[in-house]
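Visitor: In this note's numbering, the protein residues as written are 1122 to 1591. Note that the Cβ used here is the ideal one computed from N, Cα and C, for glycine as well.
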Amino acid sequence: MVSSTATSADAVTDDAVASNPLLAQEGLPKFSIISPSDLGPAVSHLLTKLDSEFSALEETLKPDTPYDQVLPAIERIQSPLGYAWGVAGHLNGVKNGDELRKAYEENQPGVVQAMTKFSQSRALYDALVSIQESWGPSEDISFEESQQRRAVENSLREMTLGGVGLDGVEKERFNEIKMRIAELSTKFSNHVLDATKDFSLTVTDAADLEGVPSSAKAMWANAHYMHLVAENTKDGEGAAEDVEQVDPATGPWRLSLDGPSYIATLSHVPSRSVREKVYRAYLTRASEFDEEKNNVPIIYEILRLKEERAKLLGFSNFAELSLAAKMAPSVAAVGELSDFILQKSLPAAEKELQEVLALARATGGDEYSDANLDKLKPWDTTFWSERLKESKFDLTEEELRPYFALPAVLDGMFGLVDRIFNVEVKAADGEAEVWNPDVRFFNIYDKGTKEHISSFYLDPYSRPADKRGT
């Protein structure tokens, strides 16, 4: 006999699953309605479904199971979880927040375990080996079969590197390492993002920004305005309308470690002290100078775990393991190429550095004289390199800016792909939901047949909760 309470609970669960936007996978992601609370139920449901379907598939795998019943079946089983987890990972990267971060970290172990089960399935591995052995010579085969062979080859290599050949204690330790590295990697990136967001430097003296491009000043003035708005509204009492706009010409200006702000600071701010503060803050993000977000122990632990994982798989070191799936033939070959590049590029770099130093000595004033500065500091080189370019070409970055406005760049890029690939890129804003109002959506069409080939999102702006800018 089933109680009404249990039936009611099951109905609630079914309704929650049915309405979960991460499980609505018939089209593009429903970004506008996805919330962090959707992730746990979606992943839990998909993991249960995946485990059941994969276990059923494993029971059917035999030495004579054809290709179409192996890898295509695996892709169908993995696809729903890959879709949901891919969307979650994307949002965690471009719209990071405490609630989403917590949900992502809570569900990551289950996803890692599920993917590990695939890579360590002996039944799947043996079936793929049998398929590979059944194929004859590679000459005169169709394009489709060549792609199938490559897919099988890649899958076997991934499974070998994923620990399919390990048993007992070694397998258990390998899986522990895999789980721990995933956890540490997420923690590492969160620390960097948080440290990047935590730093700011407010400049009030206009002399410190003399000669800085107006676009950079406008960016920093707006950053200061947004900070004032956040401070005024954080308790729910004030309003954004109560905060006056900040004049880019008079400031104050709020400098940060986000990519656009950092590059503009190092390239254009004439004040050495301001550049040094920003440079040092950027270089020491999430380091031993911050106990709560210290990534140094994490780095060392990841290095130790990667070395241990490599040796469990029979490699001498992690570099060998990394190259097992890359084009470079050996660690020595990578070293030889690096040495060759160094040999060819170092003289040119040293010559250019001397030019930069000479310009700083000639035009930078007493603080760059031989008596006061034996060589340029790291926070000086970018600034004076920019001045060298301006003096050589009699052209500034700000003068070039109108020619590289985003609409012009997009027109040029889309025109190029049109000429090379005979495809047409058309704006389709509004046809897909986006995670931020600034994000755009485009469709790609074959110019000859007018067939819709593909679509893509364009998100060109860095934001505070965006890991791309860190």
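In terms of residue numbering, what span does the alpha helix (DSSP H) encompassing Lys-1513 cover?
Guide: 1499-1514
Visitor: According to DSSP, what are the bridge partners of Thr-1323?
Guide: Arg-1375
Visitor: Determine, using beta carbons only, whether Val-1138 and His-1166 come nearer to each other than 8 Å.
Guide: Taking 8 Å as the Cβ cut-off, Val-1138 and His-1166 qualify as a contacting pair.
Visitor: Does the separation of the CB atoms of Asp-1487 and Val-1390 fall below 8 Å?
Guide: no
Visitor: So, helix, strand or coil for Tyr-1566, using DSSP?
Guide: strand
Visitor: Compare the C-alpha of Arg-1270 against each of Phe-1461, Trp-1256, Asn-1141, Ala-1177 and name the closest.
Guide: The shortest Cα separation from Arg-1270 among Phe-1461, Trp-1256, Asn-1141, Ala-1177 belongs to Trp-1256.
Visitor: What do you get for Ile-1155, buried or exposed, if any count of 16 or more other CB atoms within 10 angstroms of its CB means buried?
Guide: buried
Visitor: Might you give, ordered along the chain, the residues of its own chain that have their beta carbon closer than 7 Å to the beta carbon of Val-1333, omitting 5 neighbours on each side?
Guide: The residues are His-1389, Val-1390.
Visitor: Mind the definition here: the region 1313-1325 touches the region 1396-1416 only if three or more C-beta pairs lie below 8 Å; say whether that holds.
Guide: yes
Visitor: Rounded to the nearest angstrom, how far is the Cβ of Pro-1157 from that of Glu-1220, given a contact under 8 Å?
Guide: 4 Å
Visitor: What does a CB cutoff of less than 8 Å around Glu-1507 pick up in its chain, not counting 5 residues either side in sequence?
Guide: Answer for Glu-1507: Ser-1388, His-1389, Glu-1518, listed in chain order.
Visitor: Cutting at 6 Å between CB atoms, please list the residues of its own chain near Val-1364, excluding the five before and the five after it.
Guide: So the list reads Leu-1349, Val-1350, Asn-1353, once near-sequence residues are dropped.
Visitor: Considering only the alpha carbon of each residue, which of Ala-1177, Asp-1172, Arg-1197, Gly-1231 lies closest to Gly-1161?
Guide: Gly-1231
Visitor: Exposed or buried, which one is Arg-1115 when buried takes at least 16 other CB atoms within 10 Å?
Guide: The structure shown does not extend to residue 1115, since the chain spans only 1122 to 1591, so no value can be given for it.
Visitor: Restricting to runs no shorter than 3 residues, where is the beta strand (DSSP E) found entirely within the region 1408-1437?
Guide: none
Visitor: Does the Cβ of Asn-1493 have 16 or more other Cβ atoms within 10 Å, making it buried, or fewer, making it exposed?
Guide: exposed
Visitor: Leaving aside the five residues before and after Ala-1360 along the sequence, list all residues of the same chain whose C-beta is less than 7 Å from its C-beta, in chain order.
Guide: Excluding positions up to five away in sequence, the list reads Thr-1354.
Visitor: Taking the alpha helix (DSSP H) that Lys-1238 falls in, what are its first and last residues?
Guide: Element bounds for Lys-1238: 1219-1240.
Visitor: Given that a residue counts as buried once 16 or more other Cβ atoms are within 10 Å of its Cβ, and exposed if not, what is Ile-1198?
Guide: buried
Visitor: Counting pairs of beta carbons, one from the region 1536-1546 and one from the region 1561-1578, are three or more of them closer than 8 Å?
Guide: yes
Visitor: Does the beta-carbon of Leu-1463 have 16 or more other beta-carbons within 10 angstroms, so that it is buried, or is it exposed?
Guide: exposed
Visitor: Determine the closest residue to Phe-1410 out of His-1312, Phe-1439, Met-1347, with distance taken between C-alpha atoms.
Guide: His-1312
Visitor: Report yes if the C-beta of Ser-1575 is less than 7 Å from at least one heavy atom of the ligand NAD; otherwise report no.
Guide: Among the components modelled here there is no ligand, and therefore nothing to report on the ligand NAD.
Visitor: Please determine, among Phe-1152, Gly-1148, Asp-1159, the residue with the shortest C-alpha to C-alpha distance to Ser-1140.
Guide: Asp-1159
Visitor: What would DSSP say about Ser-1165, mapped onto helix, strand or coil?
Guide: helix
Visitor: So Thr-1237 and Gly-1283 are supposed to be a Cβ contact under 8 Å. How far apart are they, rounded?
Guide: 7 Å
Visitor: In three-state terms, what does DSSP make of Asp-1491?
Guide: Asp-1491 falls in the coil class under three-state DSSP.
Visitor: Can you give the Cα-Cα distance for Phe-1562 and Gly-1214, rounded to whole angstroms?
Guide: When rounded, the separation of the alpha-carbon atoms in Phe-1562 and Gly-1214 is 18 Å.
Visitor: What number of angstroms, rounded off, separates the C-alpha of Gln-1234 from the C-alpha of Thr-1502?
Guide: 47 Å
Visitor: Find out if the Cβ-Cβ distance for the pair Leu-1478, Leu-1497 is shorter than 8 Å.
Guide: yes
Visitor: With a threshold of 7 Å on Cβ separation, who are the neighbours of Pro-1528 within its own chain once the five nearest residues in sequence on each side are excluded?
Guide: none
Visitor: Compare the Cα-Cα distances from Leu-1378 to each of Glu-1362, Ile-1298, Met-1340, Asp-1247 and report the closest residue.
Guide: Met-1340
Visitor: Mind checking who Tyr-1578 pairs with in its DSSP beta bridge?
Guide: Phe-1562
Visitor: Tell me where the alpha helix (DSSP H) around Lys-1465 begins and ends.
Guide: Boundaries of the alpha helix (DSSP H) around Lys-1465: 1452-1484.
Visitor: Quick check on Lys-1338: buried or exposed, where buried means 16 or more other Cβ atoms within 10 Å of its Cβ?
Guide: With 16 or more other Cβ atoms within 10 Å, it is buried.
Visitor: Going by the DSSP bridge assignment, what does Ala-1548 pair with across the sheet?
Guide: Per DSSP, Phe-1563.
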